[in-house]
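Accompanying notes for the structure given below.
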Amino acid sequence: MNIYESAEDYLEAILILKERLGMVRSIDIVREKNFSKPSVSVAMKKLRENGYIEMNADGFITLLPPGEEIAQRIYTRHRVLSQFLEHLGVSPENAAADACKIEHDLSDESFQKIREFASRQGLLGES
């Protein structure tokens with residue numbers, strides 16, 4: 006699955022906002038990520054064209070199965086890595102920021118080993 010980091014971030018943001026708000030529009034992403042409206046508009050167009058999201062006539066965004074899969078994968082990585090770093094003594098703010106950087110580039114093998122280790126040590130909450 007080849008997708009740019011920025012697209013993964015947008016899909017993750019849509020998932021998080023959907024969980025928090027129930028429904029998501031582009032303006033919600035603008036506010037959440039502090040991005041410009043034109044940037045979000047261009048990104049949503051690309052995500053629609055690539056089959057990751059759809060928008061209804063009222064502008065509400067829905068993750069399509071490929072977008073949902075990517076968003077869930079990235080969000081799971083974010084949560085696990087944040088919790089793991091916090092258990093190492095990293096502040097919650099830095100753990101979240103570092104998890105955002107790591108979640109996209111870490112290999113599946115390395116992530117799985119971190120997750121297995123953290124689970125064996127009882128370091129992870131619900132993930």
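Residues 6 to 132, numbered by this note's numbering, are exactly what the sequence shown covers, in order.
Just so it is clear, CB atoms sit at the ideal spot from N, CA and C, and this is done for glycine as well.
Every value quoted in this text rests on a predicted model; they were computed, and no experiment measured them.
*DSSP state of residue 8, grouped into three classes?*
Here the question's residue 8 lines up with position 3 in the sequence shown. DSSP places residue 8 in coil when its eight states are reduced to three.
*residue 86 lies in the alpha helix (DSSP H); which residues open and close that run?*
Reading the sequence shown from its first residue, position 81 is the one you call residue 86. Segment 70 to 92, the alpha helix (DSSP H) holding residue 86.
*Proximity winner among 115, 66 and 81, relative to residue 28 (alpha-carbon distances)*: Working through the sequence shown from its first residue, we reach residue 28 at position 23. Measuring from the Cα of residue 28, the nearest candidate turns out to be 66.
*Per DSSP, residue 29 forms a beta bridge with which residues?*
The sequence position of residue 29 within the sequence shown is 24, counting from 1. Its beta-bridge partners are 66.
*Pull up the distance between the alpha-carbon of residue 119 and that of residue 86, whole angstroms please.*
Working through the sequence shown from its first residue, we reach residue 119 at position 114. Working through the sequence shown from its first residue, we reach residue 86 at position 81. Those two C-alpha atoms are separated by around 8 Å.
_Would the stretch 79 to 99 count as touching the stretch 7 to 22 if we require 3 or more Cβ pairs under 8 Å?_
yes
*Span of the alpha helix (DSSP H) holding residue 47?*
As a working note, residue 47 is residue 42 in the sequence shown. Taken as a continuous stretch (DSSP letters only), the alpha helix (DSSP H) holding residue 47 covers 42 to 54.
_Check for me: the alpha helix (DSSP H) holding residue 99 runs from which residue to which?_
Reading the sequence shown from its first residue, position 94 is the one you call residue 99. Taken as a continuous stretch (DSSP letters only), the alpha helix (DSSP H) holding residue 99 covers 97 to 110.
*asked:* In whole angstroms, give me the CA-to-CA distance for residue 38 and residue 107.
replied: Stepping through the sequence shown from its first residue, residue 38 is reached at position 33. Stepping through the sequence shown from its first residue, residue 107 is reached at position 102. Rounded to whole angstroms, residue 38 to residue 107 spans 18 Å at the Cα level.
*Could you check the C-alpha separation between residue 40 and residue 72 for me, to the nearest Å?*
Stepping through the sequence shown from its first residue, residue 40 is reached at position 35. Stepping through the sequence shown from its first residue, residue 72 is reached at position 67. Between residue 40 and residue 72, the C-alpha separation is close to 20 Å.
*Hey, would you say residue 13 sits closer than 8 Å to residue 75, going by beta carbons?*
Here residue 13 refers to the residue found at position 8 of the sequence shown. Here residue 75 refers to the residue found at position 70 of the sequence shown. In this structure, residue 75 lies closer than 8 Å to residue 13 by Cβ.
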